[in-house]
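The next block holds one structure in the form of structure tokens; read it before the comments.
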Amino acid sequence: MNHSLYLIILLPLLGFLLNGLLLGRLKKGFVSFIACASVGLSFVWGVKVFFELLAMPEGARAIQETLFTWIPAGQFQVDFSLLFDPLSSVMVLVVAGVSFIIHIYSIGYMHDDPGFGRYFTYLNLFVFAMLTLVLADNYLLMFVGWEGVGLCSYLLIGFWFEKKSASDAGKKAFIVNRIGDFGFLIGLFIIFWQVGSLNYADVFARAPEVFAVGGGVITAATLLLFLGATGKSAQIPLFVWLPDAMEGPTPVSALIHAATMVTAGVYMIARSNVLFMMAPTTLAVVAIVGLATALMAATIALAQNDIKRVLAYSTISQLGYMFAACGVAAFAAGIFHLMTHAFFKALLFLGSGSVIHAMAGQQDMRYMGGLKKQQPATFVTFFIATLAIAGIPGFSGFFSKDEILWKSFSSDFGSPILWAVGLFTAILTAFYMFRLVYLTFYGEGRMDNHTKAHLHESPKVMTVPLMVLAVLSVIGGYVGIPHVLGGSNRFEQFLHPVMTGLHGGADTSEHVLTSAGHSAGTELTLMIGSVVLILIAIYMAYYLYLKNIDLAGRIRNNLSGVHALLHGKYFVDEIYGALIIRPLINGSLFLWKIIDVFVIDGIANGLASIVGDISTGVRPVQTGTMRTYATMILAGAVVLIGYFIIR
Amino acid sequence: MDIRSAAIDLGLISPEIIILASAMVVLLLGTVLKSRGLMAFLSLLGLVVGLVLVLQQWSQPQSGYYGMVLKDNFSVFFSVVFIMTAIITLLMARDYLIAKHIDRHEFYTLLMFSTVGMMLMAGSTDLVVIFLGLEIMSVPLYVMAGMNKIDPKSNESGIKYFMIGAFASSFLVFGIALLYGASGTTDLRRIMADFSFLKMQSELLLYSGALLVMTGFAFKVAAVPFHMWVPDVYEGAPTPVTGFFSVGPKAAGFAALLRICVYGFSGMAELTAVFWLLAVLTMVVGNVLAIFQNNIKRMLAYSSIAHAGYILVALTAGGEGAVSSAVYYLLAYMFFNLGGFTIVTIIDSRTGSNSQIDEIKGLAGRHPYLASLLALFMFALAGFPPTAGFMGKFYIFSEAVRNGFVWLTVIAVMNSLVSVFYYLRVVVAAFFGKPDQEFSPVSFSPALFIALLVTAVGTLALGCFPGYWLELSQMSMFPII
């Protein structure tokens, strides 16, 4: 049966080409129509294929489509082929769906921007690249998408490039990502060197024969892959670019730097679960780095005043959760949280965009307040998303976060310490998110009178996407109700084939399933306990930032050292600056002033003058007279034949 | 495989017949009708119909006329390249010819005659037919080179090309005569079948004949030291004609060389050394002399010599993989070289132009799309990914390494590096050069747009999705004899 998978990536590509080639010649309405329609149709097609996938028997749910042989070079052959299995189907639906909603929202948000056409062109290119990344059936094609989304991210962060901070942020994101990409690429080289193929099916099938479990090679390869993931998904040590990426337009932050692109690392690790399962050391590193990032980012978020920065650190923190899930071999839980997070985080960003829109560009929460009266729709939807991210029962975030916490406690690779750190981070998350809500929407307005007079609810084209996302943020979790609450965790079951070595390789789910050894009572106790603690955190936020706002100030003053540390984001940027960037600049200056000018230029100029001398020597032969030309032909023929005679 | 060899089958040569007939019709109608646009259109029509007919012959190897005409995939592939070259040349030439007041219908006729000659060259295993094809191809070329009668340089170009071409042809005929003397036949298939016997019986005659034949074709593909006519002829000829020269006859020459030397004389291992030497000389001389050219046509002339050198690397490596990489390269080279020439033609169409690189300065400011395309073609010529130029070189070099010619590959790669300098010089001039006076705008017609579209799409398609095209070129190898 032909599923025409290629349409899913072809449509956004066509949108990109149309808008890109006719840039500046189309009316705004037409540009946004092309952009939205191409992504929307791509989503619709994704849904259609998804249902076709569901109709297949559980064990055989994988659609593979080879479009053409992309690079044939002797032994090394890469096909341009796509794979639609449960894992990539979830990613396709999330990416295309959320992208479509954000495309719609952007029509309103970017309406008065002079770069309207350019914006939608980049956005379509991004969707194309991201869908290529998740649909690829081999690592090389995935890498193409991986680089493609990196490029689009750079272009969109620096979208307002005339602003220096924006173009700097774009460069920073690009360079930091390059470091990760470098690791990823080396990891791929190792895999290719050992396995002789980059096809998922081949790699996963042959991995158990080629690699020893826990061996040095597989550990190195997976660690390098993970380095790539830390770059793209903003984990320690490469997370520094994401907060700065908020310089881009807010819908871009929602789409690329919250909902989709930054999850590429999580997807890549979940996709490579067979490899990671063979390297327990790497898994431990992934779990620890993930949770450390989650905790660190959450603490930083406590002390930020810029509404988008709080959300940015919250994103880093939530991505940390997803990695923690992968690190305890609960890949399905990681993807589950990826999905619910995509809904509520996109909603949070778009909601903050609506707020910023109303505040005429003001992003500092200290100058906001009381907005729930002027922006009821934004407020209600934002509040729902906050409940979801805080993990209040009944909202999507509760199911996915609880799943991760439980797995980090109960999995073979988990431990109570991981669980405790995760829980503490969850409490912090609830606290800083409600701090944000109270400062922004409650209390008295602290903006100046001019801004106050202009406060308004955003237009329908922006609020309707918010409502759609709000619905998703509530119901998104019900596909994965855990057993202990009477559900059957359909989501995990659905992903099960991908995690059980359907494509060959080890069954990675059994380690997690052994968690059945823990009693349901323990699970329920932990769940209720964490909910109670989260509610307490919310009350504290309410008490500090609404009821008794002076107390918050006093605490800040008493803990001024801690506050400075958190507000200054642990000064990681400054440390990197002193340790890496300064020496690099000095080293480059040395290379340029000394090595390049004297040595390289010397050699190059020397070579050039040698070539020039040769040429002056040869050129007289090119006399322009035919007699010489004919003589040369004759001489050439005579030499050739003479060589054979005297040979 | 069913090869009907004796049949007199007009269907077999229907593409040639159609193109020849169109050429005749244009020649005759042109004397009574004034509309040159109609002539151009008729010629285009003839060529397109010819192309369609050729494509019908893909994967149906047939032979006819007592073995003198052979339509295997190899000849079909090359015929497609020739006809495409003619079509693109026609599309790019029209505006130039009008601007230079040389819009004569003979141009179209000659173009088609020449194309038919090339098709015969690629579609036969008989040396006499190949020679006939060569002459049918060459004589129109001489006239086309001298078409701009009021331009002394064009006259010089035509005369020089004719004299030297006739001189080189004599080597070819003499070689064929010696081969006939050695073997009693001019059919490559029979020479190949009896090769070991013939070698024992009359080695000197056989080898001298083979080398002289090689000399004749080395002249056509502009291998050093048989290349000296190239810069003068290319510079003087009308620019679209130069574009045609740099692709069509070169591809035809290589088609003949591949069929004769790599397959027909596959028993002559000694030829490898000759090809090695020719390849190195051709690459080095072409690239080094290209650096010092200020005239863009002369620069592209040396560049075309250098590209012949890269293809000779594939011929040196020998074997099926190497040959298919050479075929792939010729297809790729057709796209990006003709694309480059289309842009040079557009710029040359302005009055007072004499093709200096300095005249390109400021192109990007005035025509950003055109400048971007120029950059694309120059990057392709220099061999950057993701263009066809990169993939073409990549396949040739990897085949050479696979067959053990490591040093040759090193030399080729270094040459390729050198070439970056002079190609980028053009790009730099277009994007960063300050024009002395304001860049006078160029005119643009739908025909030029189509020519640019086809060449640009081809350049990118072969670079980004090489798999499909490589498969085609691999299929073009069987059955070659």
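In the order they appear, the protein sequences are chains E and F.
Just remember that this note's numbering sits 307 ahead of the position in the first sequence, which is counted from 1.
Just remember that this note's numbering sits 896 ahead of the position in the second sequence, which is counted from 1.
Beta carbons are placed, not taken as given, at the ideal position from N, Cα and C, and that holds for glycine.
For clarity, every value in this text was computed on a predicted model and none was experimentally measured.
Runs of alpha helix (DSSP H) lying entirely within the segment 1173-1235 of chain F, each at least 4 residues, in chain order
1192-1213
Would you say E/GLY812 faces chain F, with C-beta separation under 7 Å as the test?
Unreliable positioning characterises E/GLY812 in this predicted model, as indicated by a pLDDT of 43, which lies under 50. A coordinate reading is not provided.
Counting contacts by CB-CB distance shorter than 7 Å, is F/SER1104 in contact with chain E?
yes
Check whether chain F comes within 7 Å of E/ILE940, counting only Cβ atoms and requiring the distance to be less than that.
yes
CA-CA distance, F/VAL1353 and F/ALA1152?
28 Å
When you compare only the Cα positions, how much space is there between F/GLU1052 and F/ASN1044?
10 Å
Which parts of the segment 648-677 of chain E are runs of the alpha helix (DSSP H), unbroken and 4 residues or longer, counting only runs that do not cross its ends?
none
Whose Cβ in chain E lies nearer than 7 Å to the Cβ of F/ALA1064?
ILE940
Bounding residues of the alpha helix (DSSP H) (the contiguous stretch that carries E/PHE496)
471-502
Drop a sphere of 10 angstroms on the beta-carbon of E/TRP548, count the other beta-carbons inside from all chains shown, and report buried for 16 or more, exposed for fewer.
buried
Please classify F/PRO911 as buried or exposed, where buried requires at least 16 neighbouring CB atoms within 10 angstroms.
buried
At a threshold of 6 Å, does E/ALA937 count as lining the ligand GTP (C-beta to nearest heavy atom)?
Because no ligand of any kind appears in the structure shown, any question about the ligand GTP cannot be addressed here.
For the segment 780-789 of chain E against the segment 699-710 of chain E, are there 3 or more C-beta pairs whose distance is under 8 Å?
yes
With C-beta atoms as the reference, is E/GLY894 less than 7 Å away from F/PRO1121?
no
Helix, strand or coil: which one does DSSP assign to F/LYS967?
strand
Note down, in chain order, each residue of its chain lying with its Cβ closer than 8 Å to the Cβ of E/ILE576, except the 5 sequence neighbours on either side.
LEU532, PHE533, ALA536, PHE583, VAL593, PHE630, CYS633, PHE638 and GLY641
Is there a Cβ from chain E that is less than 7 Å from the Cβ of F/GLY1363?
yes
CB contact below 7 Å: E/ALA937 versus chain F:
yes
How about F/VAL1240 and F/ILE1201: do their beta carbons lie closer than 7 Å?
no
If the cut is a Cβ gap below 8 Å, which residues of chain E does F/PRO1121 touch?
MET939, ILE940, ALA942 and GLY943
Buried or exposed: where does E/ALA373 fall if 16 or more other Cβ atoms within 10 Å of its Cβ makes it buried?
Note on residue identity: the sequence assigns Thr, not Ala, to residue 373 of chain E. So E/THR373 counts as exposed.
Per DSSP, which one or two residues make a beta bridge with E/GLU830?
Answer by DSSP bridge pairing: none, since E/GLU830 is not bridged.
Under a CB-based cut-off of 7 Å, is F/ILE1060 close to chain C?
Considering every chain present, this structure includes no chain C. Its protein chains are E and F.
Can you look up F/ASP999 in the DSSP assignment and give me helix, strand or coil?
coil
In terms of residue numbering, what span does the beta strand (DSSP E) encompassing F/GLY960 cover?
958-960
7 Å Cβ cutoff, F/ALA1357 in contact with chain E:
no
Tell me the rounded alpha-carbon separation between E/THR938 and E/THR376.
49 Å
Would you mind stating whether E/THR439 and E/GLY452 have Cβ atoms separated by less than 7 Å?
yes
Between the segment 1029-1036 of chain F and the segment 981-993 of chain F, can you find at least three pairs of beta-carbon atoms closer than 8 Å?
no
Are three or more beta carbon pairs between the segment 665-680 of chain E and the segment 645-657 of chain E nearer than 8 Å?
no
Below-7 Å beta-carbon distance, E/MET933 vs any chain F residue:
yes
For E/ILE370, which beta-bridge partners are listed by DSSP?
E/PHE391
Cα-Cα separation, E/LEU891 to E/GLY884
10 Å
Beta carbon of E/GLY322, beta carbon of E/SER345: below 7 Å?
yes
Below 6 Å CB to CB, which residues in the same chain sit around E/GLY457 once its five sequence neighbours on both sides are set aside?
ASN484
Excluding the 5 residues preceding and the 5 following E/LEU820 in the sequence, name in chain order all residues of the same chain whose CB lies nearer than 7 Å to its CB.
Its pLDDT being 48, under 50, E/LEU820 is placed unreliably in this model, and the coordinates cannot settle the point.
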